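Heads up: the structure comes next, in structure tokens.
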């Protein structure tokens, strides 16, 4: 099975949907010139795509998971020391 065909766990789908639901409903998200999925999408379209696990949805999951991994790494770095 190719990585793009791999099914995403329901927990991750729910996490990404919850994060997308926190965006303003009138917001559009643009995905660059990725083969077959480039364009602008409404929040509702993105949520539907994530739930359907189509190419756009899988790209959004990849983006969100990369963000969360990076956020986790940054938050574990020591901050400024107060005296």
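In the working numbering, the protein residues as written are 14 to 96.
Beta carbons: idealized from backbone N, C-alpha and C, even for Gly.
Predicted model, so just to flag it, every value in this text is computed and none were measured.
Problem - DSSP three-state assignment for residue 19, whether helix, strand or coil - result: Locating residue 19 in the chain shown gives position 6, where the first residue counts as 1. Residue 19: coil per DSSP, three-state reduction.
Handout entry: Distance between beta carbons of residue 42 and residue 53, contact taken as under 8 Å
Key = Locating residue 53 in the chain shown gives position 40, where the first residue counts as 1. Locating residue 42 in the chain shown gives position 29, where the first residue counts as 1. Sure, about 7 Å apart at Cβ, within 8 Å.
Handout entry: Reduced DSSP secondary structure (H/G/I, E/B, other) of residue 35
Key = What you label residue 35 is simply residue 22 of the chain shown in a count that begins at 1. Three-state result, residue 35: coil.
Problem - Cut-off 6 Å between Cβ atoms - residues of its own chain near residue 14, not counting five sequence neighbours on either side - result: Residue 14 sits at position 1 when you count from the first residue of the chain shown. The predicted model places residue 14 with a pLDDT of 42, which falls under 50 and marks its position as unreliable; any figure quoted below should be read in that light. Closer than 6 Å at Cβ, skipping near neighbours: no residue.
Practice task
Mind checking which residues open and close the beta strand (DSSP E) that includes residue 50?
Solution key: Against the chain shown, residue 50 aligns to sequence position 37. Looking at the DSSP string, residue 50 is not in any beta strand (DSSP E), and its letter there is neither H nor E.
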